[in-house]
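Before any comments, here is the structure.
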Amino acid sequence: MKILTKILSLILVLTLSSSILAGCAVDELSLLNAICRKADITSCESKTELTVSLTSEGLKGSEKETFNQLATLINGTKLVINQKMKSNPEKTISKSQSDFQVDLGGISASASLWADVDLSGDTPRVKEVIKLPAILTMLAASEQAGKDYLVLDMEDLTAADSTPVSTGSTKEILEFSKGITSKLTGFLKGFAGEMDPGFSIVTRKETKIVDYQLYNVYNLKLDDDTFKKLLSYTVTKFAQSETALNFVKDLIKSSITLSDISDQEKLEATSEIDESFEEFKAEIPGYLKSWDTIMGALKDVKILGDKGIDIDFTVNGQGFIVNEHGSLDFVIDTKAITNALMAYSSIEDFDYAEDSSVNQGIIKLGFTFNTDYSNINKDVAIDFPLLTPENSYKFSDLGLFNSGLPTNVGEEFEEDTVPPAPPVVDKVLKTSKTVTGTAEAFSIVTVKKGTTVLGQEMADEKGVFSVSISPVKTPCTLTVTAMDLYGNESKPATVNVN
């Protein structure tokens, strides 16, 4: 049954990936072809700008206070990414540069990443250079303090690990990836051609000429109603399509070739997949009945906000996308979601008891973005920084490969079994809304009154914690424990509330 669950999950993932672009009209297929042409790009430059908005309605008390703090930080957040890339047609040799700039709550930070990859020879070569944000260079250990660049070099890492790189597996993964990309592109085009949800998803917005170049602008638009209809139709269509199911089955089978198992085990795994798919196909009517019940329960749950999904794609005369811009507007209505879950559960389980304590809050999350693509399949210059011992250090210099951490899949990891020291807790009053103090860094601090958990919070990198609680109002004794990342729990610290 676990295998069937994984298969169903994969089907849903692939379905959702294709549903945005599915449809049989000419405009939908034209846009899909342009998106698929991204695989033909061997060089380009791009600039992406992303902003985020976060608002709420109906939240009360501490939830509203916590949300407002988060919204103050996130609202107006702006991320700018400038990228350059170039590769050979086989995609075995590539270079890239990405520059990041983020403005978050009035704080600005920048970082860059360069990558140089060569998988064409007998020995794979991968080198990445990261220009760290200034705040990280300030907080680094004394040996790395003030150095701007962190270098990750596969040759250095494997030398430190004393483990040879498996060139065979690297090439197998590369070939597998190329094959899957081609198969997926072909499948999506074929599946999209069969789709007919009964309404238009993509329309050609305009045709324009700029600097003697022809451009078509396609608009993809979904509101809450059409999004749900498309989702429901696509999942049903996918599950009932023999071609789609065979594609997923072949995809899973082909991934077995990458597994480090014997030929006999691969044959057994392939046979098990065939059997599982036959079982799954027999259960599809039941799955689709449950799916219809889920979609019925979600009918009155708003998923997309008033702006919905609204994206413009500009395609040039060569069939490449040169601009994408638009907005995505999401809604999280906790009351409506809870009511839908109760409605679904009451249908599936006649003994289900409704929960009357339903939160009233509505959270709205919005994204706006713009991406420009230029110099597609033209000469793109990528300049790596000049590295010196004074301005850079290697990942292997951090000594992680000699610290007991596993460097190979399957290597035994010696778990920490030593519990943290009991937390040091500050004074707590009957009117206190927080319990503060210090504990082991990144440990989970739990505050209890008897056996009742009043609150939990993670200590920061310095061990400082602040756990929100409701005022206890009467004198009592609280216990405070710390649990580390390995699940070791400290002895409780006690604090008398007066």
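In mature numbering (1 follows the signal peptide of the UniProt record, and there is no 0), the protein residues as written are -22 to -1, 1 to 476.
We put the CB at the ideal spot given by N, CA and C, even for glycine.
- The straight-line gap separating the alpha-carbon atoms of V425 and K215 is approximately 50 Å.
- E27 has V58 and N348 as its beta-bridge partners, per DSSP.
- Between the alpha carbons of D238 and A222 lies a distance of about 28 Å.
- With three or more CB-CB distances shorter than 8 Å, the segment 442 to 457 counts as touching the segment 411 to 422.
- Counting the other CB atoms within 10 Å of its CB gives Y127 a total of 16 or more, which places it among the buried residues.
- Taken through DSSP and simplified to helix, strand or coil, F154 comes out as helix.
- For E184, the three-state secondary structure derived from DSSP is strand.
- In this structure, DSSP gives A89 an extended state, which the three-state scheme calls strand.
- Counting only the Cα atoms, D189 lies some 33 Å from V30.
- For A460, same chain residues with a beta-carbon under 6 Å away, outside a window of 5 residues either side, are P398, P401, A417, E418, S421, V423 and S468 in chain order.
- No residue range can be given for K451, since it is assigned to no alpha helix (DSSP H) and is classified by DSSP as neither H nor E.
- The beta-carbon separation of I299 and A17, rounded to 12 Å, does not stay under the 8 Å limit for a contact.
- With at least 16 other beta carbons inside 10 angstroms of its own, G283 counts as buried.
- When secondary structure is reduced to three states using DSSP, M273 falls in the helix class.
- In the structure shown, Y190 adopts coil according to DSSP, grouped into three states.
- In its own chain, leaving out the 5 sequence neighbours on each side, no residue places its CB closer than 7 Å to the CB of N224.
- In the DSSP annotation of this structure, the continuous segment of the alpha helix (DSSP H) that includes V226 starts and ends at E220 to S233.
- Here I310 has I341 as same chain residues with Cβ atoms under 6 Å from its own Cβ, once five neighbours each way along the sequence are excluded.
- Under the criterion of beta carbons closer than 8 Å, L130 and E106 qualify as touching, at roughly 4 Å.
- Residue state for T430 is assigned as strand, using DSSP reduced to three classes.
- Secondary structure note for E106: its beta strand (DSSP E) is the uninterrupted segment R103 to K109.
- Closest in C-alpha terms to I272, from the list E35, K451, T20 and K207, comes K207.
- Going by beta carbons, N197 and T185 fall outside the 7 Å limit.
- Our two residues, M173 and T163, have alpha carbons roughly 16 Å apart in a direct line.
- Sequence-distant Cβ neighbours of S88 in its own chain, meaning closer than 6 Å and more than five residues away, are Q79.
- When rounded, the separation of the alpha-carbon atoms in D361 and G36 is 51 Å.
- Around the beta carbon of K64, 16 or more other beta carbons lie within 10 angstroms, which makes this residue buried.
- Under the 10 Å beta carbon count, D252 is surrounded by fewer than 16 other beta carbons and is classified as exposed.
- Secondary structure of D361 (DSSP, three-state): coil.
- Remark: fewer than three beta-carbon pairs, one from each stretch, lie closer than 8 Å, so the segment 259 to 273 and the segment 301 to 309 are not flagged as touching.
- In this structure, the alpha-carbon of T457 lies about 49 Å from that of S210.
- With a threshold of 16 other beta carbon atoms within 10 Å, V413 meets it and is buried.
- Non-local beta-carbon contacts of T455 in its own chain, meaning distances under 6 Å to residues more than five positions away in sequence, involve T472 and N474 in chain order.
- Judged by DSSP in its simplified three-state form, E439 adopts coil rather than helix or strand.
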